[in-house]
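Undergrad:
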Amino acid sequence: MVIEAVAETNSTRTVHPQRWSFLLLLALLALALGCSGLPSPLYPIYQEQWGMSPLTITVIFAVYAIGALGSALTVGPISDAVGRKPVLITALVLILTGLVLFLIANSAWVLIVARFLHGIAIGAITVTAGAALLDVRPFAGARNGVASGVALNVGITITVIGAAAAAQWATSPLRIPYAIVIVVVAAMLAAVIALTEPHTERTGGRVRLRAPSIPKAIRADFWFSGIGIMAAWSVLGVFLSLYPALTQHATGHTSVMFVGIVVSAMAAAAAVSQWLGGRIDPRKAAIGGNLGMIVALMCAIWALASGSTAFIIIDSIVLGAVFGLAFGGSLRHLNDVAPPDARGAVMSAYYLLGYIAMGVPTVVAGALASALGTAQIFPWFAVAVALACLAAALLGISGTRRPTIAETDVAV
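With my numbering applied, the sequence shown closes on residue 413, and no number is skipped along the way.
1) Tell me the rounded alpha-carbon separation between Leu118 and Ile67.
2) Cα separation between Gly367 and Phe240?
3) Where do the N-terminal and C-terminal ends of the alpha helix (DSSP H) with Asn107 fall, by residue?
4) Indicate the three-state DSSP secondary structure (helix, strand or coil) for Leu277 in the structure shown.
5) Kindly indicate which residue of Ala165, Met294, Gln48 has the alpha-carbon position closest to the one of Ala232.
6) In or out: Thr172 buried (at least 16 other Cβ within 10 Å) or exposed?
7) Are at least three pairs of beta-carbons, each pair with one atom in the region 263 to 274 and one in the region 79 to 97, less than 8 Å apart?
8) How many angstroms separate the CA atom of Ala306 from the CA atom of Glu49?
9) How would you label Val193, buried or exposed, when you count the other beta carbons within 10 angstroms and need 16 or more for buried?
10) Tell me whether the beta-carbon of Val347 lies closer than 7 Å to the beta-carbon of Pro42.
11) CA-CA distance, Ala251 and Arg20?
12) Does Arg220 come out as helix, strand or coil in the three-state DSSP assignment?
13) Gly35 to Val264, Cα distance in whole Å?
14) Please report the distance separating the alpha-carbon of Cys300 from that of Phe382.
15) Whole angstroms is fine: what's the gap from Ile105's alpha carbon to Thr255's?
16) Please tell me whether Val168 and Val111 are closer than 7 Å, where the distance is taken between their beta carbons.
17) Whose C-alpha, out of Gly278, Val185, Leu353, is nearest the C-alpha of Arg333?
18) Please state whether DSSP places Phe215 in a helix, a strand or coil.
19) Can you tell me the Cα-Cα spacing of Ala28 and Val155, whole angstroms?
20) Quick check: the Cα distance between Leu247 and Ile313, rounded to an integer number of angstroms?
21) So, do the region 388 to 401 and the region 280 to 293 have three or more beta carbon pairs nearer to each other than 8 Å?
22) Is it the case that the Cβ atoms of Val161 and Gly38 are separated by a distance below 7 Å?
23) Since Leu335 contacts Ser226 with CB under 8 Å, what's their CB separation in whole angstroms?
24) Would you call Arg284 buried or exposed, if buried means 16 or more other Cβ atoms sit within 10 Å of its Cβ?
25) What is the residue span of the alpha helix (DSSP H) that Met294 lies within?
26) DSSP three-state call for Gly142: helix, strand or coil?
27) What's the call for Gly253, buried or exposed, on a 16-neighbour Cβ count within 10 Å?
28) Counting only the same chain and skipping the five closest in sequence on each side, list residues whose C-beta sits under 8 Å from that of Ile121.
29) Where Thr98 and Thr59 are concerned, what is the direct C-alpha to C-alpha distance, given to the nearest angstrom?
30) Is DSSP giving Leu196 helix, strand or coil here?
31) Name the residue from Leu24, Ala125, Gly397, Trp51 whose alpha carbon lies nearest to the alpha carbon of Ala287.
32) In whole angstroms, what is the alpha-carbon distance linking Met267 and Ile219?
33) Can you list, in chain order, the residues of its chain whose CB lies under 8 Å from that of Trp224, leaving out five sequence neighbours each side?
34) So Ala133 packs on Pro199, CB below 8 Å; how close in whole Å?
35) Run the CB neighbour count on Trp234, radius 10 Å, all protein chains shown included, and call it buried at 16 or more, exposed below.
Here it is, written out as structure tokens:
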């Protein structure tokens, strides 16, 4: 009982001279994912006013994934060497630069450059702020993971609904949302500048980047989690790029606010399910989430075909809930089985699959949608992702397992 009490106290203690540092880092994670979803409710306006094709929209989204992928694979060792604060400051400056480009944009090429900068910055914040959370509160790894997942989805929820509201009632719908977020990011930048460096054990030496690798003993576990994130993030990519215009076409709604409600409903449901799912065994949560996504994707086809506003919103909530279980469960499962001395390489490989799945299927779907129509392509995309979800679930049911210490030592 005494040991449990000490552990509980340690898990909630912030080891940092600034007690607000933990909340600031969570706010940074929320801001990062909020910026990633900021243009989503505005894409239908770009399509209408600028005449952009679905392929152009998905390319704009895909370059974000490319930037985030490169950043996620490199900034970890950099922040270990020079500290978390310089990386976070640089990332926020890049976000501000991208927002200014969005603010003055007059062509798709400017949007592509802005999204690429945001991809680099958001990937850097996701990795670096996540590591800084452990620097600030080192006794609460599991709780940090749950809090991070919730913060990411809350960030998307607030930003998307806020951007939709600003675009709905503002005189300049493609300008005002970015101007508002610029002010918020500038305030966050000032807070980070005032932050005391969380990483006190900086190496200060040469930065060494390693290719992602998977220890043999956990390869079955890795592919269970890896296919899970690929399926989940494929859904996320298309949902944040093509789905808004598709729901407008299906229901006849022209309101930007409607798009904001659909996207934010999914993100909010994902945040709640990740929070509640933290109490469920990770493998069981991931399997349940993967099976649930199959049902939700099939229902999405039916909801769009029916044109029912209520069904589309309800399905978005259900899809968000099972997405949160699938992604959160697969990430927690991989954290449980990854050997401590290979965790960085394993996580890099995991997010490599995620960002590839976010970018490549989205562009393919966009190219096909430009040629054949989004409404015709979406059912086939949903079926393909449902099969990937089924594969991940079957891998989990067939028996992933934790390696023994001896196996881990040999494999690594």
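Glycine residues also receive a C-beta, built at the ideal position from the N, C-alpha and C atoms.
TA: Looking at the coordinates:
1) By 1-based counting over the sequence shown, the position of residue 118 is 117. By 1-based counting over the sequence shown, the position of residue 67 is 66. For Leu118 and Ile67, the distance between alpha carbons rounds to 10 Å.
2) Position 366 of the sequence shown, counted from the first residue, corresponds to residue 367. Position 239 of the sequence shown, counted from the first residue, corresponds to residue 240. When rounded, the distance between both Cα atoms is 12 Å.
3) Walking along the sequence shown from the start, residue 107 turns up at place 106. Careful: Asn107 lies outside any alpha helix (DSSP H) and carries neither H nor E.
4) On the sequence shown, position 276 is the one that residue 277 refers to. In this structure, Leu277 counts as helix in the three-state DSSP scheme.
5) In the sequence shown, the residue the question calls residue 232 occupies position 231. With distances taken between Cα atoms, Ala232 lies closest to Met294.
6) Taking the sequence shown and counting its residues from 1, the one referred to as residue 172 is at position 171. Exposed.
7) no
8) Here residue 306 corresponds to residue number 305 of the sequence shown, with the count starting at 1. Here residue 49 corresponds to residue number 48 of the sequence shown, with the count starting at 1. Taking the straight line joining both Cα atoms gives about 22 Å.
9) One-based indexing of the sequence shown puts residue 193 at position 192. Buried, since its Cβ has 16 or more Cβ neighbours within 10 Å.
10) Looking up residue 347 in the sequence shown gives position 346. Looking up residue 42 in the sequence shown gives position 41. Contact: no.
11) Taking the sequence shown and counting its residues from 1, the one referred to as residue 251 is at position 250. Taking the sequence shown and counting its residues from 1, the one referred to as residue 20 is at position 19. Rounded to whole angstroms, Ala251 to Arg20 spans 49 Å at the Cα level.
12) Position 219 of the sequence shown, counting from 1, holds the residue named residue 220. DSSP places Arg220 in helix when its eight states are reduced to three.
13) For the purposes of this step, residue 35 is taken as residue 34 along the sequence shown, with counting starting at 1. For the purposes of this step, residue 264 is taken as residue 263 along the sequence shown, with counting starting at 1. If you take the alpha carbons of Gly35 and Val264, they lie about 12 Å apart.
14) Here residue 300 is taken as the residue at index 299 of the sequence shown, counted from 1. Here residue 382 is taken as the residue at index 381 of the sequence shown, counted from 1. Approximately 13 Å between the Cα atoms of the pair.
15) Taking the sequence shown and counting its residues from 1, one reaches residue 105 at position 104. Taking the sequence shown and counting its residues from 1, one reaches residue 255 at position 254. Distance between the alpha carbons of Ile105 and Thr255 is about 24 Å.
16) Residue numbering aside, residue 168 sits at position 167 when the sequence shown is read from its first letter. Residue numbering aside, residue 111 sits at position 110 when the sequence shown is read from its first letter. In the sequence on display, residue 168 carries Ala and not Val. No, these two residues do not count as a Cβ contact at 7 Å.
17) Along the sequence shown, one-based indexing puts residue 333 at 332. Of Gly278, Val185, Leu353, the residue nearest in Cα terms is Gly278.
18) The residue labelled residue 215 in the question sits at position 214 within the sequence shown. It is Ile, not Phe, that sits at residue 215 in the sequence shown. Residue state, collapsed to three classes: coil.
19) As a first step, residue 28 is located in the sequence shown; it is residue number 27 there, counting from the start. As a first step, residue 155 is located in the sequence shown; it is residue number 154 there, counting from the start. Going by the C-alpha atoms only, they are around 10 Å apart.
20) Translated into the one-based positions of the sequence shown, residue 247 becomes position 246. Translated into the one-based positions of the sequence shown, residue 313 becomes position 312. Straight-line Cα distance between these residues: approximately 11 Å.
21) yes
22) Your numbering for residue 161 matches position 160 in the sequence shown. Your numbering for residue 38 matches position 37 in the sequence shown. Yes, these two residues count as a Cβ contact at 7 Å.
23) Within the sequence shown, numbered from 1, the residue matching residue 335 stands at position 334. Within the sequence shown, numbered from 1, the residue matching residue 226 stands at position 225. Confirmed, Cβ separation roughly 4 Å.
24) Taking the first residue of the sequence shown as position 1, residue 284 is located at position 283. By the 10 Å Cβ count, Arg284 comes out buried.
25) Taking the sequence shown and counting its residues from 1, one reaches residue 294 at position 293. Unbroken alpha helix (DSSP H) run through Met294: 283 to 307.
26) Sequence index remark: in the sequence shown, residue 142 carries index 141 (1-based). Since pLDDT at Gly142 reaches only 49, below the 50 mark, its modelled position is unreliable, and no value is offered.
27) Your numbering for residue 253 matches position 252 in the sequence shown. Exposed is the call here.
28) Residue 121 sits at position 120 when you count from the first residue of the sequence shown. Within the same chain, Ile121 has close Cβ partners Gly68, Ala69, Gly71, Ser72, Ala92, Leu95.
29) Working through the sequence shown from its first residue, we reach residue 98 at position 97. Working through the sequence shown from its first residue, we reach residue 59 at position 58. Roughly 21 Å between the two C-alpha positions.
30) Sequence index remark: in the sequence shown, residue 196 carries index 195 (1-based). DSSP places Leu196 in coil when its eight states are reduced to three.
31) Residue numbering aside, residue 287 sits at position 286 when the sequence shown is read from its first letter. Checked all of Leu24, Ala125, Gly397, Trp51; the closest Cα to Ala287 is Gly397.
32) As a working note, residue 267 is residue 266 in the sequence shown. As a working note, residue 219 is residue 218 in the sequence shown. Answer to the nearest angstrom: the Cα atoms are 32 Å apart.
33) Along the sequence shown, one-based indexing puts residue 224 at 223. Same-chain partners within the cutoff: Leu396.
34) For this step, residue 133 is matched to residue 132 along the sequence shown. For this step, residue 199 is matched to residue 198 along the sequence shown. Their Cβ separation, rounded to whole angstroms, is 5 Å, which keeps Ala133 and Pro199 in contact under 8 Å.
35) Residue 234 sits at position 233 when you count from the first residue of the sequence shown. Per the 10 Å Cβ criterion, buried.
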